[in-house]
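In this note's numbering, the protein residues as written are 215 to 820.
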């Protein structure tokens, strides 16, 4: 297994000899202890020399070799020996590098910053579209959020069609977020209105959708994207829960404003549940809001409504997806939403949204691909982890095969991740049967080498599967002579949804998977959905096995790159009865991996 390390850089020279700007860069001086580092960066041990050489290059040291000396206090000194040119304050001096395993460290206060070069060797001169075809805009500070403008460098897959109308609507949404965001007069007035608890007559220039964040990282990214699309369709400002590690994992997406709800927000929103009287479903059920006609034409509305769209939502909650109910909600100044799902497919079934959605997404199966790349930019520490790992292990491979392994099996309340031999057999049957990985020879005789290398990037809570794949390709060569190398950044054993470091690792691995050339994912897993959507890759989905038997076939090609809506409603709002909503329009179908779920497809690609 490949280990990542924290490296803290210290100059072993006096402050007076540091070149201009150096103190801000390395944050230390003589006698600084490793634990007091201002700059801690995630690096693989293999690229420690690369990082140091780049740091030296920035200060003009162009020649010389990197030296190393053992320290007595749990670390190493690295430096340049015989370097020439540039600033002599660095030549011949040593840096202290303190190493500690990323995956074993418990320090929650580490400050990890991206100090790697802007170029992506060896293809630094190749042009790339840093604005993703107009999806993004200039003007953000690149150093504070490197992932925003560097995304295209690490994604070799051709982007899907981007609508000029979507670009226009995003610019309008940005203006709305700035006009009505936290700290503005409009926001302050809206909060006063919220505190009044009186019914609202008329309309407001600024209406809000506040998303309560929860669930694991994959679900979290899907719920944010779904909420943003709904805000875009209904002219609302999107605000998100500031207390769920969002600021530690994602950069601010909108220029000149924040999407984090202020800490003095007056509602105790974490207490909202499906039983709350403020929920839309309960308002309907208790006749607080009576009848479809009243909902359509009411002039007075409550200052806020809680939308419970979690997996345990009930029939009346699901009426959110009906036309009449949307007309009523349109006039409510504040919508407080809790969801853990990608509910976008059901938005495509609401008649009043359909024309707008067709203009926004001419290729209908690109919703998450475009909005995810627009909204979700990992913070520097997470981005640095992903890109450094990519550089060290994946960048030089002829092909990167991403394999996302998720086991949905429990013993009591505990998740079981194996080892399960039938899952290993399913992975290899899929990868080799679909020609994504070469067959393994049955003898020890080496096939003629073809100088081709495939890097397998495995993500799993268990290391057993990647270890087994690595051993098999090590013991017996591939029949076509291809070299297959297997890497796995971490293995946490259990999902820890509320653990900050766990979520940061999960996000780094999602982005690593999205840098693959081909993807194999586990059915029902939102982790895989997000990776395929960001990459714009149609994955091979491994079907969920039953009774520990490998399915036949073991996997199949997905209909589209879109995620699946696992808990989609099945009520036909127009007919007022249950119906098969996977047959209403040609571009919303049942999912391959979840027969009762819904997903968006591009019917022209089927």
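The C-beta atom is built at its ideal place from N, Cα and C for all residues, glycine as well.
For the pair residue 701 and residue 727, the CB atoms are not nearer than the 7 Å cut-off. Rounded to whole angstroms, the gap between the alpha carbons of residue 656 and residue 681 is 19 Å. Sequence-distant Cβ neighbours of residue 589 in its own chain, meaning closer than 7 Å and more than five residues away, are 438, 439, 442, 467.
Counting only runs that start and end inside the stretch 548–592, the beta strand (DSSP E) elements of at least 3 residues fall at 548–553. In the DSSP assignment, residue 754 is bridged to 734, 771.
Counted as a single uninterrupted DSSP element, the stretch harbouring residue 721 is not any beta strand (DSSP E) but the alpha helix (DSSP H) occupying residues 714–728. Sixteen is the threshold: when 16 or more other Cβ atoms of the shown chains lie within 10 Å of the Cβ of residue 401, as they do, the residue is buried. The Cβ atoms of residue 807 and residue 695 lie no closer than 7 Å to each other. With contacts defined as CB atoms closer than 7 Å, residue 755 and residue 782 fail to qualify as a contacting pair. Contact between residue 452 and residue 423 holds: CB atoms are separated by about 5 Å, below the 8 Å threshold. In the DSSP assignment, the residues bridged to residue 422 are 451, 548. With respect to the 7 Å criterion, residue 459 and residue 714 are classified as neighbours on the basis of their beta carbons. Around the CB of residue 577, 16 or more other CB atoms lie within 10 Å, so the residue is classed as buried. With contacts defined as CB atoms closer than 7 Å, residue 698 and residue 668 qualify as a contacting pair.
If you compare the alpha carbons of 758, 791, 803, 767 with that of residue 774, the shortest gap goes to 803.
The beta carbons of residue 520 and residue 493 sit closer together than 7 Å.
When secondary structure is reduced to three states using DSSP, residue 804 falls in the strand class.
The alpha-carbon of residue 765 is positioned some 43 Å away from that of residue 549.
Around the beta carbon of residue 689, a 10 Å sphere encloses fewer than 16 other beta carbons of the protein chains shown; the residue is thus reported as exposed. The DSSP assignment places complete beta strand (DSSP E) segments of no fewer than 3 residues inside the stretch 638–700 at 667–673, in order along the chain.
Counting along the chain, the unbroken beta strand (DSSP E) around residue 617 starts and ends at 613–618.
In the displayed model, residue 481 falls within coil according to three-state DSSP, outside both helix and strand. Per DSSP, residue 813 is one residue of the beta strand (DSSP E) stretching across 812–814.
The stretch 484–498 makes contact with the stretch 532–544; the number of CB pairs closer than 8 Å reaches 3 or more.
Beta-bridge analysis with DSSP links residue 760 to 763. Under the three-state reduction of DSSP output, residue 748 falls in the helix class.
For residue 603, the enclosing alpha helix (DSSP H) starts and ends at 594–603. Per the C-alpha coordinates, the member of 481, 676, 528, 427 positioned closest to residue 499 is 528.
A Cβ-Cβ contact shorter than 7 Å links residue 740 with residue 432. Check the Cα spacing between residue 516 and each of 530, 524, 544: the tightest is with 544.
When the five nearest sequence neighbours on each side are left out, the beta carbons in the same chain lying within less than 7 Å of the beta carbon of residue 427 are those of 434, 454, 455, 458, 460, in order along the chain.
Between residue 686 and residue 654, the CB-CB gap stays under 7 Å. Here residue 400 carries a helix assignment [DSSP, helix/strand/coil].
Taking each of 725, 382, 676, 371 in turn and checking the Cα distance to residue 704, the smallest one comes out for 676. Taking a contact as a CB-CB distance under 8 Å, the pair residue 546 and residue 480 does not count as one, their CB atoms being some 16 Å apart.
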